[in-house]
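Residue numbers (the working numbering), protein chains in the order written: chain A, 17 to 256; chain B, 1396 to 1544. For glycine and all other residues, C-beta sits at the position ideal for the given N, C-alpha and C. Here is the structure we will look at.
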Amino acid sequence: MKSAYLLLVLGLALIVVGHGMGLFVAPSEAAMGETGRILYVHVPTAWTAMVVFTIAFVAALGGLWTGRMGWDALIEASAEVGVVFTALLLVQGAVWAKPTWGVYWTWDPRLTTSAILLVLFGVVLLLRHVIEVPERRLTLSAVATIVAFADVPIVYFSVRWWNSLHQAQSTPQTVSKLMWQPLVISIFGTMFLGLALVIARWRIAREHYEREDAAPDLPDLPDQIELSDEPASGGQEVRG
Amino acid sequence: MKPTTRRRLFLVVALLLAFGALGFVATSNMGENLVYYWDPTQLRDAGDKAVGATIRLGGMVQKGTVNWQPDSQSLRFTVTDGKNTVDVIATGAPPQMFREGIGVVVEGTMTPEGVFKSDRLMVKHSNEYKPPKEGESVEDMYKSMLEDQ
């Protein structure tokens, strides 16, 4: 847990520095003006979501290979954190798109594949929620995670494979140095924050599993539960 | 089958599915069927098929072609991909970022007269992030843009 706190403090510190530089030191953008400053939030969020989903993918491989529940808990932690970051990503994008493109949303390849990514990992979380047998939960949610992860490279390359309204990736050559520095600092900060959340959530998931494992089996429920219309003893009949 | 074997079999199937899906998307010519927008050349190639169909056209706003009539809220400009051009009539006020030389995507349809009639104009931002030129604030830039028209 120490590592989670360390990453959390480091991440928040870098975010404060990166966003501070982005808001107060870096110039506004030539075409977009102040709106362009969402760069320092949006790009780090996207990278963090990608990295966190990659952790989920590795956890799914590990889980299916070894069958150990620690991997299962890591799938849960990283899929959940990734979904949060992807949802944030779509909202930030919409907020930026309205003043820049003129619309909140359009079915552009980058936007569409990102929305699909959110839905796919939402399905992973849903599966984990409805399957109660731990071994089956591990197997099926790991398979779903591996399949969902195939969309991550598609999201990344969507702006190169297809005509899109969303711009292609920025590089050090396309971003002024005064903007690149706060961007890189913000990327590391947000990524450390995401990793801290994954580690903390992983611990919760493992503890949950240990409690689940230690709990005595519940007695079987009777096949039919008879519901009686009779009022409980001491109940008063109301006449009107 | 032993549980371990079964799980590992699932691993292989999942990887095959994932790589299969990724490989299909990456290598198939989905780009030709699933297009977000056509460039002027593709639109010209489509000929009469483009007339009346709801399509998106993307390209650059050609310099010196922007004609904005504030009274009738009508905006005329030419979209180019460097090879072909298409004349566009858009209705409604353009987004703030709209200007000559910028990338745009317009939604609408081709009229029989060969003019693209758009009811939705979107402005594309490139992947370049640079500060305004020296002595030029963004506000000044917008002002000079309005004065030009």
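Using 8 Å as the limit for Cβ to Cβ distance, is residue 48 of chain A near chain B? yes
What's the call for residue 1458 of chain B, buried or exposed, on a 16-neighbour Cβ count within 10 Å? exposed
Residue 1524 of chain B bridges to which residues according to DSSP? A/191
Continuous alpha helix (DSSP H) stretch holding residue 144 of chain A: start and end: 125-146
Say whether chain A places a C-beta atom closer than 8 Å to the C-beta of residue 1435 of chain B. no
Contacts around residue 153 of chain A, its chain only, beta-carbon distance under 8 Å, and the 5 residues preceding and following it disregarded: 88, 143, 144, 147
Let me check one thing: in DSSP terms, what residues is residue 1464 of chain B bridge-paired to? B/1469
Using DSSP with H/G/I as helix, E/B as strand and the rest coil, what is residue 270 of chain A? For chain A, the structure presents residues 17 to 256; residue 270 of chain A sits outside this window and is missing.
Neighbour flag for residue 1495 of chain B against chain A, beta carbons, 8 Å: no
List the residues that DSSP assigns as beta-bridge partners of residue 1482 of chain B. B/1473
Taking all protein chains shown into account, decide if residue 123 of chain A is buried (16 or more other Cβ within 10 angstroms of its Cβ) or exposed. So residue 123 of chain A counts as exposed.
Measuring CA to CA, which of B/1405, B/1528, B/1414 is closest to residue 83 of chain A? B/1405
Does DSSP put residue 20 of chain A in a helix, in a strand, or in coil? Helix.
Do the stretch 105-112 of chain A and the stretch 221-236 of chain A meet, that is, are 3 or more Cβ pairs less than 8 Å apart? With a cut-off of 8 Å, the stretch 221-236 of chain A and the stretch 105-112 of chain A do not count as touching, because too few Cβ pairs lie within range.
Can you check DSSP and say which residues form a bridge with residue 208 of chain A? Note: residue 208 of chain A sits in no beta bridge, so no partner.
Mind reading off the beta-carbon distance from residue 1452 of chain B to residue 1481 of chain B? Whole number of angstroms is fine, and I expect it under 8 Å. Rounded, the Cβ-Cβ distance is 6 Å, consistent with contact.
Is the beta carbon of residue 210 of chain A less than 8 Å from the beta carbon of residue 25 of chain A? no
Going by DSSP, name the residue or residues bridged to residue 1450 of chain B. B/1503
First and last residue of the uninterrupted beta strand (DSSP E) at residue 114 of chain A: Element bounds for residue 114 of chain A: not the beta strand (DSSP E) but the alpha helix (DSSP H), 85-117.
Tell me whether the beta-carbon of residue 1518 of chain B lies closer than 8 Å to the beta-carbon of residue 64 of chain A. no
Nearest-angstrom Cα distance between residue 1543 of chain B and residue 1463 of chain B? Low confidence applies here, because residue 1543 of chain B scores a pLDDT of 49, under 50, leaving its location unreliable and the question unanswered by this model.
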